[in-house]
Amino acid sequence: MHLPQFICSVIRSVPVAFAMTPPLRVESPHLPGSRMTSIPLVEGNLPIRRLEISDHKKGFVELLGQLTVCPQLTESEFQVQFAEVAKLGESHCICVIEDPNTERIIATGSVFIEKKFIRGGSKVGHIEDVVVAKTARGLCLGQRMVKHLVDHAKATGCYKVVLACAPELREFYEKCGFEDKNVQMSVYF
Amino acid sequence: MGSETFVANVNPKGQLIENGTENTQIIENEEEIQNGVINELIVEKSIENGHKIENGLVNEYDDGFSVRCLEISDHKKGFVELLGQLSPTQPLSEEEFQERFAELASMGPDHHICVIEDTSSCRIVATGSVFVERKFIRGCSKVGHIEDVVVDKGARGLHLGHRVVKHLVDHAKATDCYKVVLYCKPELREFYQKCGFMEKNVQMALYF
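Protein chains in written order, with numbering that gives the first Met the number 0: chain A, 0 to 188; chain B, 0 to 207.
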């Protein structure tokens, strides 16, 4: 049975005790938007904003833990790094999406603006640390976050945006407008 | 891990004229550095692992192709033209170059550009840069990003590329990065593997 979209939203907001069916949400792996692009959802309109000091209490660090190794930080440690990043102003932009019901951060991403001498003194945006909470996948939040970061890079005068990703995420970023370019290499200390 | 931040006075070439802590002044925040003040360079020295900086020369080699920091005068030594061998690069006026130089210098050790000069021709024959990105992951870590490594076509085969990359990696390590990353064409995989890198992910790009 195909339920109209507004009923899906109502079902989702009904208290658990009265819910008759689970929320109608298409679960897809870490490829938000791949099956949902034609269905506007309430969550699709959640604002994207800059990271704030108070996000330490809203699970920002825990969310990063879904991306990679991320030990908990004390408030003081968080504030120190926050201040360091803030010094760069628009050249280092970390954004988040907050779930207003739980007051938890459910998506984040960052873009760093690198100044160069090439191309007549150009700038390049580097997107890093994009992650959407496992419980919030399939809602286009990842695509929206990436678009937001790309728009920021463009607004600050970058001529391109680059990022590194695991091969299985190629398709997701191609949907965001990216193309396969080169390889990333790394050395760990 | 201890570190000491001090202002080192430099001559107009950007070479250190005083090293050490005697005649230095501790600068608490970078706002004290005025835009366009190109005669002062903030140098952060890691007490444990710091690379030694004397007279602007960072890594000296007996063959004369030593690695040093980019200087203002490198504009006249073909620095921008060398970058043109890497990517389309229109000429920069001296003023444009100085402006960008000052912007990057104000980032201190977080953005480091090195060069190798052929002292017989007074031309820059190799360059590379590394910028340090601060993250919240891994307990507030730093990552070094190597960019714009290029060796002049006429100076290939002298291992200058390896010297530049090693210098940049050492700089990232000295500034407490936990890793260094870079993007390269697939045909350069082997070169960077010889520099100690391993292939990690794919790079994707979006051009405006």
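Don't be surprised by glycine CBs; every beta carbon is placed ideally from N, CA and C.
Item: Boundaries (first-last residue) of the beta strand (DSSP E) holding M203 of chain B; Value: M197 to Y206
Item: Against chain A: residues of the stretch 87-119 of chain B by CB proximity under 7 Å; Value: P87, T88, Q89, L91, E95, R99, E102 and L103
Item: R49 of chain A classed as buried or exposed, judged by whether at least 16 other C-beta atoms fall within 10 angstroms; Value: exposed
Item: Neighbourhood of E74 of chain A by C-beta, 7 Å cutoff - its chain only, sequence neighbours within 5 removed; Value: H55
Item: Nearest to K152 of chain B (by Cα), restricted to the options B:H161, B:Q84 and B:R162; Value: B:Q84
Item: Option in A:L140, A:I112 and A:A163 with minimal Cα separation from G156 of chain A; Value: A:I112
Item: Pairwise C-alpha distance: C183 of chain B and A154 of chain B; Value: 20 Å
Item: Assigned secondary structure, E170 of chain A (DSSP; H/G/I helix, E/B strand, else coil); Value: helix
Item: Contained alpha helix (DSSP H) runs [length at least 4] in the stretch 51-90 of chain A, N- to C-terminal order; Value: 59-63 and 74-85
Item: Contact with chain A by E31 of chain B, beta-carbon distance below 7 Å; Value: For E31 of chain B, the predicted model reports a pLDDT of 40, less than 50, meaning its position is unreliable; a value from the coordinates is still stated below. No, its Cβ sits nowhere closer than 7 Å to a Cβ of chain A.
Item: Status (buried if at least 16 other CB within 10 Å, exposed otherwise) for G143 of chain B; Value: buried
Item: Residue nearest to C69 of chain A in terms of C-alpha spacing, selected from A:E76, A:F77 and A:V60; Value: A:V60
Item: Opposing strand residues paired with Q183 of chain A [DSSP bridges]; Value: B:Y182 and B:N200
Item: For F78 of chain B, three-class secondary structure by DSSP; Value: helix
Item: Proximal chain A residues relative to C139 of chain B, where beta-carbon distance stays under 7 Å; Value: L72, E76 and Q80
Item: K122 of chain A to L138 of chain A span [Cα, whole Å]; Value: 31 Å
Item: CB of C121 of chain B within 7 Å of CB of V66 of chain B, strictly; Value: no
Item: Contacts around D179 of chain A, its chain only, beta-carbon distance under 7 Å, and the 5 residues preceding and following it disregarded; Value: R169
Item: Where E83 of chain A meets chain B, residues with beta-carbon distance less than 9 Å; Value: R133 and C139
Item: Range covered by the beta strand (DSSP E) that runs through H144 of chain B; Value: K141 to V150
Item: Three-state class that DSSP yields for H151 of chain A in the structure shown; Value: helix
Item: 7 Å Cβ cutoff, V95 of chain A in contact with chain B; Value: no
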